[in-house]
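Q: Numbering (my numbering), first residue to last: 3 to 325.
No residue lacks a Cβ here, since even glycine has one placed at the ideal position from N, Cα and C.
Since the structure is predicted, the reported quantities are computational estimates derived from the model, not experimental observations.
Structure incoming, see below.
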């Protein structure tokens, strides 16, 4: 067994960006992004309501793009959360994203030159002469930001460098695209928004089973020698009788269905945040370290779903952005 401090470390690991479950949506998006990159697309939008796993998907897909197109492929991630609309701020933030040590020095023009030069150098070291940029929370960008991105695109194109920008964000990103389409901003939509992917949470029982199968896979963390198998750690008697996390699929799925019906939750998908919170709540509270039950029933899963905040968040519309 692992002691209490290791339980806390285990929980921290399961919630960290380094532990990403390749959900069906992530795998589907990975395939689509690889196709977009293979076709040398200039960009696309990836949108969906909050807490469904978009940010984790960026890391997973970035890692897999490098496996497919070469470990040296320059892939940058820029988070636009605290975004101020000036060219100098944009260039500075992008310089940080590419790892430049002088991200804040100089004028906007000097920053742009350093940024473009760095991208060219990084891309020229690769077989495909391309740069990939993910912009998270991209719905916060303005028309001016896109004009500056077009300028970067044109400069890279003059050096025969392919520049692909994937815009990631909430359903407001889709709204932003619609605004640009209605305003006939073809130079923006045509470069960065033609293709799109509506990213969702867990939609079907089969989707959930894929997630549980991933949770059944052994993994290692600091502070524990040997493989960690969640069902073995928390429900050892049931595990010895052949049960695993996947064995709980019927009860977990039915519990979510009943909770959504009882509280009139209308959305057809389950955000990954609440799925993972439910799993962690259940194994911690009902497993061998607290309640010590043989294995959880649908009743325990329902209680864990509510404790995870799924009902309070979904019922008040916190995660229901209009798309």
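Short of 6 Å in beta carbon distance, which residues of its chain neighbour residue 148, apart from the five on each side in sequence? Order them along the chain.
A: 190, listed in sequence order.
Q: Quick check on the burial criterion: 16 or more other C-beta atoms within 10 angstroms. Buried or exposed for residue 30?
A: Exposed.
Q: Whose CA, out of 16, 290 and 45, lies closest to the CA of residue 198?
A: Of 16, 290 and 45, the residue nearest in Cα terms is 45.
Q: Could you spell out the range, first to last residue, of the alpha helix (DSSP H) harbouring residue 192?
A: Residue 192 -> alpha helix (DSSP H) spans 188–194.
Q: Who are the near neighbours of residue 102 in its chain, counting only those whose CB is closer than 8 Å to its CB and skipping five residues on each side?
A: Result list for residue 102: 116, 117 and 120, in chain order.
Q: Return the CA-CA distance between residue 232 and residue 154, expressed in angstroms with no decimal places.
A: Near 47 Å, if we compare the C-alpha coordinates of residue 154 and residue 232.
Q: For residue 195 and residue 47, which I take to be in contact (beta-carbon distance under 8 Å), what is that distance rounded to the nearest angstrom?
A: The Cβ separation is near 5 Å, so the contact holds.
Q: How is residue 321 classed by DSSP in three states: helix, strand or coil?
A: Bear in mind that the predicted position of residue 321 carries a pLDDT of just 43, short of 50, making it too unreliable to give a figure here.
Q: Mind checking residue 310: buried by the 16 CB within 10 Å criterion, or exposed?
A: So residue 310 counts as buried.
Q: Considering only the alpha carbon of each residue, which of 176, 170 and 109 lies closest to residue 59?
A: Looking at the Cα atoms, 170 is the closest of the given residues.
Q: Do the CB positions of residue 152 and residue 193 come within less than 8 Å of each other?
A: Yes, they are a contact pair.
Q: For the alpha helix (DSSP H) holding residue 166, just list the boundary residues, first then last.
A: Per DSSP, residue 166 belongs to no alpha helix (DSSP H); it is in the beta strand (DSSP E), 164–171.
Q: Which class does residue 299 belong to by DSSP, given the choice of helix, strand or coil?
A: Coil.
Q: Just to confirm, are residue 2 and residue 248 a CB contact at a threshold of 8 Å?
A: Because residue 2 is not part of the residues shown, which for the chain are 3 to 325, the question remains open.
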